[in-house]
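Student: Numbering (my numbering), first residue to last: 16 to 294. Structure provided below as structure tokens; questions to follow.
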Amino acid sequence: MKAALLQLSVSDDPAENLPVTQAMLAEAAAAGAGFVLTPEVTNCLSSDRAHQHAVLSLEDEDQTLAALRADAERFGLWLLIGSLALKTRDADGRFANRSFLIGPDGGIRARYDKIHMFDVDVSETEKYRESSGYRPGTRAVTADTPFGRIGMTVCYDIRFPQLYRRLAQGGAQILTVPAAFNDTTGAAHWESLLRARAIENGAYVLAPAQTGLHAAHEGRPRRTWGHSLAVAPWGEVLADGGTEPGITYVGIDLAAVDRARGRVPSLRHDRPFDGPEKT
16 MKAALLQLSV SDDPAENLPV TQAMLAEAAA AGAGFVLTPE VTNCLSSDRA HQHAVLSLED
76 EDQTLAALRA DAERFGLWLL IGSLALKTRD ADGRFANRSF LIGPDGGIRA RYDKIHMFDV
136 DVSETEKYRE SSGYRPGTRA VTADTPFGRI GMTVCYDIRF PQLYRRLAQG GAQILTVPAA
196 FNDTTGAAHW ESLLRARAIE NGAYVLAPAQ TGLHAAHEGR PRRTWGHSLA VAPWGEVLAD
256 GGTEPGITYV GIDLAAVDRA RGRVPSLRHD RPFDGPEKT
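Written out as structure tokens, the structure reads:
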């Protein structure tokens, strides 16, 4: 299977972002990709909650989702919409950060709501509270395709290895990590975390990313790290998308998963243990 990781630099306007994504999807399809992946918040990257309420939609009304489903059917390919920012009917008004796996018939094969919220203080001037605008998901998700079982995650999830182990022990051979990774933490941790999750689980890790400068909020622009990565089950970086918007291609061969898990079968070696003891 030839996979294509789309690296985007989206604005806070879904209508502006959609044709850019569609053009890249068409290019990937023309290049022979059978599995295309987009980054986190493909439709809109914004920290302005009032603006999000003005431009975002419920899932069944979202134009980005409808258009990309139609494109997946038109090109006859599998599509991971890394995530969309969507309105919900929750009483507190928080949004969903939802990943979709779309089949070549345009049908939604799986949905995953990001579980772990990016509530961090990167520095004195750079602080994030994702949970103030988004409500966390509660369920791990795998989905079967003709080219392997996929374990779906999003961005900050990558720092929680227990999620990936659960997915791998549930049969996932390909782990997807669409992201809008902060550039400070990206420079320090992005590649190391992705390679670690691949090595620990003997799985492919496919991580399409946002890159560059995005809409400012309260006078501060948002910058994402880019470097969409594809990592092999043995831990080698197969492809790096750099820092410019574009498409990164990679081949998927499940025999590599079998080889990695055969050489180091750690997924079968978990043991119960006590402690730690308090002193």
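Where a beta carbon is used, it is the ideal one built from N, C-alpha and C, also for glycine. Computed from a predicted structure; not experimentally measured.
1) To the nearest angstrom, how far is the alpha carbon of residue 270 from that of residue 146?
2) To which residues of the same chain is residue 253 closer than 7 Å at the C-beta, ignoring the five residues directly before and after it?
3) Hey, would you say residue 131 sits closer than 8 Å to residue 171, going by beta carbons?
4) State buried or exposed for residue 111, treating a residue as buried only when at least 16 other CB atoms are found within 10 Å of its CB.
5) First and last residue of the beta strand (DSSP E) that includes residue 222?
6) Considering only the alpha carbon of each residue, which of 212, 194, 150 lies closest to residue 175?
7) Tell me the residue span of the beta strand (DSSP E) that contains residue 287.
8) Can you check DSSP and say which residues form a bridge with residue 114?
9) Here's a check: name, in chain order, each residue in its chain whose Cβ is nearer than 7 Å to the Cβ of residue 64, leaving out the five neighbours to either side.
10) In this structure, how does DSSP classify residue 242 when only helix, strand and coil are distinguished?
11) Could you name each continuous beta strand (DSSP E) segment of 3 residues or more that falls completely within the segment 136-198, going from the start of the chain to the end?
12) Quick one, which of 143, 138, 217 has its alpha-carbon nearest residue 232's?
Tutor: Let's see:
1) Taking the sequence shown and counting its residues from 1, one reaches residue 270 at position 255. Taking the sequence shown and counting its residues from 1, one reaches residue 146 at position 131. C-alpha separation (whole angstroms): 39 Å.
2) Here residue 253 corresponds to residue number 238 of the sequence shown, with the count starting at 1. Here the set comprises 245, 246, 247, 265.
3) Taking the sequence shown and counting its residues from 1, the one referred to as residue 131 is at position 116. Taking the sequence shown and counting its residues from 1, the one referred to as residue 171 is at position 156. It is a contact, given that the beta carbons lie within the stated cut-off.
4) If you number the sequence shown from 1, residue 111 lands on position 96. A buried status is given to residue 111, since no fewer than 16 other beta-carbon atoms sit within 10 Å of its beta-carbon.
5) The residue labelled residue 222 in the question sits at position 207 within the sequence shown. Looking at the DSSP string, the run of the beta strand (DSSP E) that includes residue 222 is 219-222.
6) As a working note, residue 175 is residue 160 in the sequence shown. Per the C-alpha coordinates, the member of 212, 194, 150 positioned closest to residue 175 is 212.
7) As a first step, residue 287 must be located in the sequence shown, where it is residue number 272. No beta strand (DSSP E) contains residue 287, which DSSP labels as neither H nor E.
8) Start at 1 with the first residue of the sequence shown, and residue 114 comes out as number 99. Beta-bridge partners assigned by DSSP to residue 114: 127.
9) If you number the sequence shown from 1, residue 64 lands on position 49. The answer, listed in chain order, is 148.
10) In the sequence shown, residue 242 corresponds to position 227, counting from 1. Correct three-state label for residue 242: coil.
11) Restricting attention to beta strand (DSSP E) runs no shorter than 3 residues, the segment 136-198 encloses them at 142-144, 156-160, 163-167, 189-191, ordered along the chain.
12) For the purposes of this step, residue 232 is taken as residue 217 along the sequence shown, with counting starting at 1. Comparing Cα positions, the closest option is 143.
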